[in-house]
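Down below is the structure, laid out as structure tokens.
2 protein chains.
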Amino acid sequence: MSQVALKPLLATVLGERQARPPIWIMRQAGRYLPEYREVRARSKGFLDLCYSPDLAVEVTLQPLRRFPLDAAILFSDILVVPDALGQSVRFEQGEGPLLEPITAQTLGQLRPERVLEHLAPVFETLRRLKHELPADKTLIGFCGSPWTVATYMIGGRGSPDQAAARLFALQEPAAFAALMDILVQASIDYLVAQFQAGADVVQLFESWALNLDEEAFRTQVIEPNRRIVEGVRQRVPNAPIIGFPRGAAGNIAAYVAATGVNAVGLDYSTPLGFAQNAVPPGMAVQGNLDPLRLVAGGPQMEERARQIIAAFADRPHIFNLGHGIVPQTPIAHVERLVELVKNG
Amino acid sequence: MSQVALKPLLATVLGERQARPPIWIMRQAGRYLPEYREVRARSKGFLDLCYSPDLAVEVTLQPLRRFPLDAAILFSDILVVPDALGQSVRFEQGEGPLLEPITAQTLGQLRPERVLEHLAPVFETLRRLKHELPADKTLIGFCGSPWTVATYMIGGRGSPDQAAARLFALQEPAAFAALMDILVQASIDYLVAQFQAGADVVQLFESWALNLDEEAFRTQVIEPNRRIVEGVRQRVPNAPIIGFPRGAAGNIAAYVAATGVNAVGLDYSTPLGFAQNAVPPGMAVQGNLDPLRLVAGGPQMEERARQIIAAFADRPHIFNLGHGIVPQTPIAHVERLVELVKNG
């Protein structure tokens, strides 16, 4: 009986080791590409870009025209969820996101019932991408994990130590739990709709899994992510899910054991031997080159990329950076990295 | 034969478990204390405070008048070393430190030969503290570890990801190695002089041990710290040294195995069971309560403090926060924490 082969990256998420690791690059559609900057300049703003299927499809596909990557990732942002919930979210040039911080008192003003309608353009983008992508390319959807999204909703902006949200969780535990409930449910609805619109895989971006002690990590990271995985799979059986708990470090083993994700993204500060021990054999890992090694390029980059490939040669491995690609990355270095991963 | 008992905290660093863990608090002389703010307001600036023995002795002793802590830590800053090397270092109110960034071209202008003379007031502060401290209180000296100090020297200020210094290390490896050599030697000289002036123990603050892949961690964190420990002990045999590699996470085991420190400080994101496995039995650990739990206070703080004490009950343990105490910490919460650690 003949069977259609799965897309290589999707197959890897599901636990099938490939001869060479498939590769995608976090933030692969981004400012290091002149064609992205050109589209971005034409848009009315960053959120407008996320909500305009014509533009979002275009920038999602741009990196695949340059490099033989194995996946396209939906062009969007983790903060479309608070935006959809009715919180004020702005992206100022050079400033990062700015939100009107929510408080225990204003939490009740969030409007979970409007999330799917507000995010309809994102699903349209995915439908078009599904249609346009070659059959061997995996289409990745995503959302921010509740804790990470909450750090912006509470703090009003990015911060090095997420102090505002961490303190809120300690001082207003009931309000914090209510916010987590809202974000868990919105994330489930959002991801299910992404699968229905054509996503092959989704990634949960827990970009701020660092700066939490193990008790906080359990309640603020593990438990909400576990609930999302469970909730999505109730409606999309066996939904393939990558978790990326950046900075989870000593909590990685607990994270993979408890959340139910198929694959785990490793940030670049995760030592390779440590990851091998923390993640069960046969489970897929994704990562984890330091993006600055890609900026600097040359032998140091190639040597480290080869170390990463060799370390994970015995298990399903998706090559990626250990954090998003940065704007000053030379395109020639990306070409060389993809070539090395594909062909040694 | 009768023997004078060692100070409890010093004894703990050296591997002797106590019935109750001794305690000190990182940044215990600081802005959460009104009497500190009063002295700070009288000083001509932050570095002036560090270099004025009258004032530095006073603020070092302030927290011990309030709380039955087991150690005084020299009031100073990790950036006195670049200042002593001749780099321009300023502390602007509310801005954090600002340095004139060094480059591969200006590296040669650093003046290692003037470090000890420039830091003479620090040694005077230690001599006076030695004289004033009760016999059972440990006097802790310190310096910043070379990588952490270099992130400020290269970046010109604190940054969430130390990108400037990380990129410098990749793109200018020879200049970077030369800078590390200068900082290793200056740190050895500085710490030896601190011991000679009366320090019982010194702590190496590697505040930015995060955001490094394992190769960078090895060359930028482990190796310079190992060289400092070795260099200090050549001149101060068996010098007691605490290493605090904040964010070392998956690299902690390698750090303690290779550097030769007596005790290791654990940041608050280090899970307790993970630390037990990563640090050899019998070796002292220090930490690791989240400073924001101390801000919030109450049952959650007490419960977590008890978990930490219980987890390390079978080995030498110095209770501390997992990062510096923050300015908004209520003094009553500090009183309660110290009471709990001392008396259960």
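Residue numbers (this note's numbering), protein chains in the order written: chain A, 1 to 344; chain B, 1001 to 1344. Yeah, the Cβ is synthetic: ideal placement off N, Cα and C, and Gly gets one too.
In the structure shown, what three-state DSSP assignment does residue i receive?
i: Gln328/A; result: coil
i: Val89/A; result: strand
i: Thr12/A; result: helix
i: Pro97/A; result: strand
i: Met1/A; result: Unreliable placement is indicated for Met1/A, whose pLDDT of 45 sits below 50; the coordinate value is still reported in the next sentence. Coil.
i: Tyr333/A; result: Sequence check: residue 333/A is His here, not Tyr. His333/A falls in the helix class under three-state DSSP.
i: Leu1074/B; result: coil
i: Val110/A; result: First, the amino acid is wrong: residue 110/A is Leu here, not Val. Looking at Leu110/A - three-state DSSP - the assignment turns out to be coil, as it is neither helix nor strand.
i: Ala135/A; result: coil
i: Ser1159/B; result: coil
i: Pro1068/B; result: coil
i: Gln1028/B; result: coil
i: Tyr1255/B; result: helix
i: Asp1314/B; result: coil
i: Tyr268/A; result: coil
i: Gln220/A; result: helix
i: Arg17/A; result: coil
i: Ile1154/B; result: helix
i: Thr1103/B; result: coil
Sorted by chain position, which residues of the same chain lie with C-beta nearer than 8 Å to residue i's C-beta, five sequence neighbours on each side aside?
i: Gln1203/B; result: Ile1073, Ile1140, Gly1141, Phe1142, Ile1241, Ile1242, Gly1243, Phe1244, Gly1265
i: Pro101/A; result: Met153, Ile154, Gly155, Gly156, Ala164
i: Gln1076/B; result: Just to set this straight, residue 1076/B is Ser in the shown sequence, not Gln. Within the same chain, Ser1076/B has close Cβ partners Cys1050, Ala1056, Val1122, Thr1125, Phe1142.
i: His1323/B; result: Met1026, Arg1246, Asp1267, Tyr1268, Asp1290, Pro1291
i: Asp83/A; result: Leu47, Val89, His118
i: Gly30/A; result: Tyr36, Gly324, Ile325, Pro327
Which one or two residues does DSSP pair with residue i in a beta bridge?
i: Ala263/A; result: Ile242/A, Ala284/A
i: Gln1203/B; result: Phe1142/B, Ile1242/B
i: Ile1023/B; result: Phe1319/B
i: Leu1289/B; result: Leu1321/B
For the alpha helix (DSSP H) holding residue i, just list the boundary residues, first then last.
i: Glu172/A; result: Unbroken run through Glu172/A: none, as it is neither H nor E.
i: Ala1311/B; result: 1299 to 1311
i: Asp1048/B; result: 1046 to 1051
i: Phe274/A; result: 272 to 278
i: Lys1007/B; result: From DSSP, Lys1007/B is part of no alpha helix (DSSP H); its letter is neither H nor E.
i: Arg1226/B; result: 1223 to 1235
i: Ala1249/B; result: Unbroken run through Ala1249/B: none, as it is neither H nor E.
i: Arg40/A; result: 34 to 42
i: Ala1197/B; result: It is not in any alpha helix (DSSP H) - Ala1197/B carries neither H nor E in the DSSP assignment.
i: Ala1084/B; result: 1080 to 1084
i: Leu212/A; result: First-last for Leu212/A: undefined, no H or E at that position.
i: Leu1116/B; result: 1115 to 1118
Return the chain-ordered list of same chain residues with a C-beta closer than 6 Å to the C-beta of residue i, the five sequence neighbours on each side being excluded.
i: Leu272/A; result: Ala311
i: Ser1088/B; result: Glu1100
i: Gly231/A; result: Ile188
i: Asn1211/B; result: Asp1161, Gln1162
i: Phe217/A; result: Asn251
If I measure Cβ to Cβ from residue i and keep anything under 7 Å in the same chain, skipping five residues before and after, which residues do I get?
i: Pro112/A; result: Leu85, Ile182, Gln185, Ala186
i: Thr1148/B; result: Ile1078, Phe1205, Glu1206, Ser1207, Trp1208
i: Phe91/A; result: Gly45, Phe46, Leu47, Pro97
i: Met1001/B; result: Here Met1001/B scores only 45 on pLDDT, less than 50, and its place in the model is too uncertain to base an answer on.
i: Gly198/A; result: Leu126, Arg127, Leu129, Lys130, Leu139
i: Leu133/A; result: Ala72, Leu139
i: Glu1302/B; result: Leu1340
i: Val236/A; result: Val192, Phe195
i: Val229/A; result: Ile241, Thr259, Gly260, Val261
Taking contact to mean 3 or more Cβ pairs, one atom from each stretch, closer than 8 Å, check whether the stretch 92 to 109 of chain A and the stretch 33 to 44 of chain A are in contact. no
Closer than 8 Å is the cut-off here; do at least three beta carbon pairs connect the stretch 12 to 28 of chain A with the stretch 298 to 318 of chain A? yes
Can at least three beta-carbon pairs, one atom from the stretch 1170 to 1177 of chain B and one from the stretch 1221 to 1236 of chain B, be found at a separation below 8 Å? no
The stretch 332 to 340 of chain A / the stretch 1302 to 1311 of chain B touching (three or more Cβ pairs under 8 Å): no
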